[in-house]
Structures are given as structure tokens and as C-alpha cells.
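For the protein sequence lines, the chains are A and B, in the order given. Take 2 as the starting number for the first sequence in this note's numbering and just add one per residue. Take 715 as the starting number for the second sequence in this note's numbering and just add one per residue. Where a beta carbon is used, it is the ideal one built from N, C-alpha and C, also for glycine. Down below is the structure, laid out as C-alpha cells.
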Amino acid sequence: MEWVNALVQGLLLGGLYALLACGLSLVFGVMRTVNIAHGDLAVFAAFLGLVVVERTGLHPAVSIVAVVPVMAAAGYALQRGLLGPALARGEIAPLLVTFGLAVVLQNVLQELFSADTQSLDSGGFATASLRLTDQLAVGWLPLVTFAVGVGAVAAVQLVLSRTRLGRAMRATSDDPEAAGLMGIDNRHVYGIATAIALATVGLAGVFLGMRTQFSPTLGPLVLIFAFEAVIIGGLGSLWGTLAGGIVLGVAQTIGAQVQPAYGVLAGHLVFLVVLGLRPQGLFPRTVTT
Amino acid sequence: MTLLSMEGVDVHYGDFQALYGIDLRLDEGETLAVIGANGAGKSTLLKTIAGLLRPSRGTVCFAGQDVGPLPAHRRVALGVALTPEGRRVFPSLSVEENLLVGAHLARTGPWRLSTVYELFPLVGERRTAMGHHLSGGEQQAVAIGRSLMSNPRLLLLDEVSLGLAPVVVARLYAALPAIAASGTTVLIVEQDVNQALRVADRVQCLLEGRTVLAGAADAFTREQIAGAYFGV
Numbered sequence: 002m003e004w005v006n007a008l009v010q011g012l013l014l015g016g017l018y019a020l021l022a023c024g025l026s027l028v029f030g031v032m033r034t035v036n037i038a039h040g041d042l043a044v045f046a047a048f049l050g051l052v053v054v055e056r057t058g059l060h061p062a063v064s065i066v067a068v069v070p071v072m073a074a075a076g077y078a079l080q081r082g083l084l085g086p087a088l089a090r091g092e093i094a095p096l097l098v099t100f101g102l103a104v105v106l107q108n109v110l111q112e113l114f115s116a117d118t119q120s121l122d123s124g125g126f127a128t129a130s131l132r133l134t135d136q137l138a139v140g141w142l143p144l145v146t147f148a149v150g151v152g153a154v155a156a157v158q159l160v161l162s163r164t165r166l167g168r169a170m171r172a173t174s175d176d177p178e179a180a181g182l183m184g185i186d187n188r189h190v191y192g193i194a195t196a197i198a199l200a201t202v203g204l205a206g207v208f209l210g211m212r213t214q215f216s217p218t219l220g221p222l223v224l225i226f227a228f229e230a231v232i233i234g235g236l237g238s239l240w241g242t243l244a245g246g247i248v249l250g251v252a253q254t255i256g257a258q259v260q261p262a263y264g265v266l267a268g269h270l271v272f273l274v275v276l277g278l279r280p281q282g283l284f285p286r287t288v289t290t
Numbered sequence: 715m716t717l718l719s720m721e722g723v724d725v726h727y728g729d730f731q732a733l734y735g736i737d738l739r740l741d742e743g744e745t746l747a748v749i750g751a752n753g754a755g756k757s758t759l760l761k762t763i764a765g766l767l768r769p770s771r772g773t774v775c776f777a778g779q780d781v782g783p784l785p786a787h788r789r790v791a792l793g794v795a796l797t798p799e800g801r802r803v804f805p806s807l808s809v810e811e812n813l814l815v816g817a818h819l820a821r822t823g824p825w826r827l828s829t830v831y832e833l834f835p836l837v838g839e840r841r842t843a844m845g846h847h848l849s850g851g852e853q854q855a856v857a858i859g860r861s862l863m864s865n866p867r868l869l870l871l872d873e874v875s876l877g878l879a880p881v882v883v884a885r886l887y888a889a890l891p892a893i894a895a896s897g898t899t900v901l902i903v904e905q906d907v908n909q910a911l912r913v914a915d916r917v918q919c920l921l922e923g924r925t926v927l928a929g930a931a932d933a934f935t936r937e938q939i940a941g942a943y944f945g946v
């Protein structure tokens with residue numbers, strides 16, 4: 002029964018990883034760049050949630066209504082002001098710029114909040130659970146996190162596949178110059194894509210903060226988990242990212258069931274195995290341009 | 715009414731000069747063929763009109779407005795559409811999605827999905843196919859249809875016949891009279907001179923970046939055109 006339990010907990014943990022990875026996957030899918038600051042932006046969002054909670058006394062889950070719009074606006078500004086101009090200078094420049102941004106974010110957070118670990122206290126929500134059988138219970142927080150993760154992936158996928166904006170994003174991803182000949186302003190499209198990505202990062206940061214303790218230096222680890230989820234699932238595929246997050250989550254909890262210290266290691270090993278045997282990931286995009 | 719006028723346009727790629735003092739005038743509703751050998755500067759000319767390249771000297775005016783500083787996507791809003799060389803159909807989008815991207819700015823006019831499918835029945839049959847699954851002829855029809863979806867005042871066609879079987883080229887060119895009849899001004903760039911002359915009102919021949927011959931399409935003998943084309 003404890004194995005079933007580990008499996009279920011891993012599945013739910015995978016929802017958090019998918020939520021964390023969703024934005025990374027979208028940015029890569031549309032702009033073909035990897036945002037090294039992705040994890041630090043998630044941690045930044047968690048701190049933003051902390052500020053909102055401390056100033057207003059609201060429940061951390063409610064802080065989303067402030068954190069998500071702020072992150073989305075920051076995403077648009079970041080793309081138009083910093084990443085877009087870098088993108089025009091070749092493939093390596095955005096990578097370096099986001100790396101620099103990661104360093105800056107970590108240090109600014111440390112300056113403002115010290116290196117202490119913090120948490121978003123969600124009261125009874127963090128410990129309340131739903132009893133499925135005598136021996137199996139799932140926490141409400143992981144369950145809601147999972148639902149939000151699946152919902153975010155589904156929503157972004159829906160925007161991409163069904164809307165005029167999503168069509169413009171996919172066209173721009175295929176061929177930016179030809180998209181311009183269709184009247185699409187790719188700088189604006191990239192800005193919106195980054196705004197959507199950082200909106201999901203805002204969600205992810207708040208749920209991360211409710212689930213675990215965080216400190217200004219947690220970002221790189223978050224980036225690695227998100228990156229692994231994206232790679233396992235297949236670059237450029239959002240449903241793949243959801244699957245990748247779940248595979249990573251299950252690997253970690255099963256590993257921890259074997260030996261508590263092995264959790265994270267088991268996740269990395271599964272990532273390496275997938276990279277070795279199926280480098281295109283589980284659900285690669287069918288078209289590569 | 716003059717729709718497009720270029721005066722003394724020079725275009726450079728870095729140190730290399732591709733166009734030298736090009737003058738060009740196009741009246742609304744007219745069809746102009748720009749012909750010339752490989753490397754004469756035909757595609758450069760179209761890219762300059764569409765806004766993908768900036769002239770280093772001279773002016774480009776569209777509908778009375780100097781469009782020099784406008785990027786390509788802003789010129790589409792004014793009614794300039796380029797069907798680029800090599801088709802550039804979006805490979806991961808379906809045929810119908812490709813056409814809908816063409817209608818991104820939703821200018822009003824006669825062209826919408828149903829009228830494009832009427833013009834190119836083969837495109838309608840393949841509406842759910844992915845861009846990368848299309849044959850060259852299908853891609854070219856989709857690319858032209860996609861440009862029409864923006865309801866352009868000026869349609870720029872770059873090397874429609876390139877790499878296609880003559881029967882396919884003939885079928886594509888058969889659509890041109892209908893496009894011109896809808897009131898769209900057309901500028902065709904072609905290496906296939908006979909094909910271009912058959913549909914054009916006027917012809918302009920480029921040689922090494924300069925205009926060497928310009929006038930009504932039926933005003934010249936084959937020898938005159940061949941001489942201008944090859945520079946002999």
C-alpha cells in the first residue's frame with residue numbers, strides 16, 4: 002500500500018512540476034530560447050506572494066490574484082525591454098541575458114529578504130487531507146496544485162491551438178519573417194507569450210511557496226526540475242511537459258520510498274535514462290523546423 | 715491612380731549593392747511583370763517593397779504615403795502582401811490555419827476562406843493537411859491564397875513557377891485573371907518570361923540591379939526582350 006501511496010503522491014507532485022515547467026515549455030516552443038532565470042522568477046513570485054500576504058493578511062492562495070497579473074506584466078516588459086533586443090543578436094545572447102537576470106534576481110531577493118528560508122503559511126489547507134481508503138489519503142494542497150497544474154497546461158494549450166493569438170504564436174515560431182509578411186508583429190507576439198509564461202510562473206511560485214520552504218537561492222533547483230520535466234516530455238509539447246512533470250514526480254517519490262535520501266537522485270536518473278534512450282522526449286513535436 | 719511609386723532606390727546587402735537607382739510606378743488595378751536573370755535583383759526589389767529590406771537611398775511610396783520607415787507587418791495593414799520566394803508555408807500549421815494566419819489583420823474585401831477555396835479547389839481539398847505534407851504546387855497555391863486572405867491592394871508574387879512542373883504552373887497562372895479582376899494590383903517577378911508576359915499589362919526588365927527595359931508588355935519583340943534579359 003505504501004507503494005501505491007508513493008505513486009499517488011508522485012503523481013500529485015508531478016502536477017506542481019508541470020505547473021513550474023509550463024512557462025519554460027511555452028517560451029521554448031514559441032521563441033526557441035531557454036530562460037535560465039525561470040526558476041528564480043518562480044522563487045521571486047513566491048516572495049511576491051509573501052509580501053502580499055504580510056501586507057494584506059490574505060490567505061496565500063488568494064495572493065494569486067495580485068501575483069499573477071504582476072508577473073504577467075513583468076513578463077511583457079521583460080520580453081520587450083530585455084529579451085527581445087537580445088534575441089535579435091543571435092541564439093546565445095538571450096541565454097546569457099537570462100543567466101545574468103538569474104544572478105541579479107537571487108541577489109536582490111537576498112538583499113531584501115536575507116538568506117533565511119521562508120514559507121507561505123496556508124493554515125490548515127497545507128495539512129488537511131482527503132481520505133480515500135483506510136491506508137491512503139491525499140492532501141488537499143497537493144490535489145489542488147495538481148488540478149491547477151493540469152488546468153494551466155490545458156489553458157495554455159487551448160490558447161495555442163484554438164485562438165487567433167495562438168495561431169500567430171505558432172506561425173511566428175515556424176517562421177518569424179513569413180509571420181511578419183502576414184501582418185504579425187513578432188515582438189508583440191513574443192511579449193504576450195512571455196507574459197502568459199510568467200503568469201503560469203506566478204501561479205507556480207505561490208503553490209511552491211505553500212508546499213515547501215523557499216529561500217532566494219532555491220531558483221536553480223526549481224529550474225532543473227522544470228527543465229527535466231520539459232526534456233522528459235519532449236521539447237515544445239505542452240502535454241508532453243505535463244507527462245514529463247508526472248514522470249519526474251513519480252520517480253522522486255518512488256525513489257524516496259526506497260530510501261528517503263534517494264528521491265531527488267532518482268528523478269535525475271530517470272531524466273538521464275530518458276535523455277539517453279529517447280533524446281527527443283516522450284511526446285516530441287511532430288514538426289521540426 | 716498611382717498605387718506604388720519608387721524613385722531612385724538603391725539597396726545594399728552590407729557592402730554589396732543589389733539595386734541601383736530603381737524607378738518604378740504601378741497604377742491601381744494594373745499587372746506588372748518584373749523579369750530578369752538570376753541575381754538581377756528581382757527578389758530584392760519585392761522585399762524592399764514589402765518592407766523586409768530598407769533602401770539605402772531613394773523613396774518607396776504606397777498609396778501616396780512614404781512607407782520607407784514602416785516594417786513589413788505595418789505595410790500589410792496598408793494592403794501590401796508578399797508571397798515570398800520558396801513559398802514559406804508554415805509547416806506545423808494546417809492549410810486552413812495557414813490561410814487564417816494570412817487573415818490575421820482582417821482587412822475587409824472579397825477574399826475569405828470560401829473564395830480562396832473557390833479560386834484554388836485543390837487547396838480546399840487539402841484544408842486539414844499540415845503545411846509540411848504539401849507538394850510544391852500545393853504549397854504555392856496555399857502561399858498565394860494566404861496572401862490574398864489579407865485582402866491586399868497590392869499583391870507581390872515572387873517566382874511562382876520556381877521548381878514546379880509546367881502543368882502546375884499553368885494551373886496557378888490561370889488564377890491570376892480572377893485575382894486581377896477582384897481589383898487587386900499585381901506585381902509578378904518571374905524568370906519564366908513567356909508566362910509572365912502572358913498575364914502582365916506592363917513589363918520591366920532588370921539586369922544586374924538596373925532597369926534596362928520598361929513598357930507595355932506587347933510593345934517589344936522577343937529579340938528586344940531577350941537582349942535586355944541577357945544584357946547583349
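Contact with chain B by residue i, beta-carbon distance below 8 Å
| i | result |
| --- | --- |
| Ile-185 of chain A | yes |
| Asp-41 of chain A | no |
| Arg-168 of chain A | yes |
| Glu-178 of chain A | yes |
| Thr-290 of chain A | Below a pLDDT of 50, predicted positions are generally treated as unreliable, and Thr-290 of chain A, at 38, falls in that range; the measurement from the model is reported next regardless. It does: the Cβ of Thr-290 of chain A has a partner Cβ on chain B nearer than 8 Å. |
| Arg-171 of chain A | yes |
| Gly-1 of chain A | A query on residue 1 of chain A cannot be resolved here, the shown segment of chain A reaching from 2 to 290 and no further. |
| Gly-181 of chain A | yes |
| Asp-175 of chain A | yes |
Backbone CA spacing between residue i and residue j [nearest angstrom]
| i | j | result |
| --- | --- | --- |
| Gly-851 of chain B | Ile-232 of chain A | 37 Å |
| Asn-812 of chain B | Ala-855 of chain B | 11 Å |
| Leu-869 of chain B | Ile-902 of chain B | 8 Å |
| Leu-848 of chain B | Phe-126 of chain A | 54 Å |
| Ala-930 of chain B | Thr-773 of chain B | 24 Å |
| Asp-915 of chain B | Ala-747 of chain B | 8 Å |
| Pro-217 of chain A | Asn-108 of chain A | 8 Å |
| Glu-839 of chain B | Ile-736 of chain B | 42 Å |
| Ala-172 of chain A | Ala-894 of chain B | 28 Å |
| Glu-744 of chain B | Ser-238 of chain A | 46 Å |
| Ser-757 of chain B | Ala-879 of chain B | 21 Å |
| Gln-214 of chain A | Ser-120 of chain A | 5 Å |
Below-8 Å beta-carbon distance, residue i vs any chain A residue
| i | result |
| --- | --- |
| Gly-816 of chain B | yes |
| Val-786 of chain B | Note on residue identity: the sequence assigns Ala, not Val, to residue 786 of chain B. Taking Cβ atoms only, chain A reaches closer than 8 Å to Ala-786 of chain B, which makes this a yes. |
| Glu-873 of chain B | no |
| Ser-849 of chain B | no |
| Pro-798 of chain B | yes |
| Val-953 of chain B | Since the first residue shown for chain B is 715 and the last is 946, residue 953 of chain B is missing from the structure and cannot be characterised. |
| Phe-776 of chain B | no |
| Glu-811 of chain B | yes |
| Arg-802 of chain B | yes |
| Ser-806 of chain B | yes |
| Leu-901 of chain B | no |
| Ala-951 of chain B | No answer is possible for residue 951 of chain B: the residues shown for chain B start at 715 and end at 946. |
Bridge partners - residue i, DSSP secondary structure assignment
| i | result |
| --- | --- |
| Cys-919 of chain B | B:Ile-749, B:Leu-927 |
| Cys-775 of chain B | B:Ser-719, B:Asp-780 |
| Leu-738 of chain B | B:Met-720 |
| Leu-869 of chain B | B:Ala-795, B:Val-900 |
| Val-725 of chain B | B:Leu-733 |
| Gln-119 of chain A | A:Phe-215 |
Residue environment, residue i, which counts as buried when at least 16 other CB atoms sit within 10 Å
| i | result |
| --- | --- |
| Phe-944 of chain B | exposed |
| Phe-730 of chain B | exposed |
| Gly-234 of chain A | buried |
| Glu-873 of chain B | buried |
| Arg-963 of chain B | Residue 963 of chain B lies beyond the residue range present for chain B, which begins at 715 and ends at 946; the question has no answer from this structure. |
| Asn-36 of chain A | buried |
| Gln-938 of chain B | exposed |
| Gly-11 of chain A | buried |
| Tyr-727 of chain B | exposed |
| Asn-908 of chain B | exposed |
| Val-946 of chain B | exposed |
| Met-2 of chain A | exposed |
| Cys-824 of chain B | In the sequence on display, residue 824 of chain B carries Pro and not Cys. With fewer than 16 other Cβ atoms within 10 Å, it is exposed. |
| Gln-253 of chain A | buried |
| Thr-164 of chain A | exposed |
| Thr-290 of chain A | Low confidence applies here, because Thr-290 of chain A scores a pLDDT of 38, under 50, leaving its location unreliable and the question unanswered by this model. |
CB contact flag (residue i, residue j, <8 Å)
| i | j | result |
| --- | --- | --- |
| Leu-920 of chain B | Ala-754 of chain B | yes |
| Thr-822 of chain B | Asn-752 of chain B | no |
| Gly-268 of chain A | Gly-277 of chain A | no |
| Val-98 of chain A | Leu-84 of chain A | yes |
| Gly-192 of chain A | Arg-81 of chain A | yes |
| Val-781 of chain B | Met-183 of chain A | no |
| Pro-143 of chain A | Leu-13 of chain A | yes |
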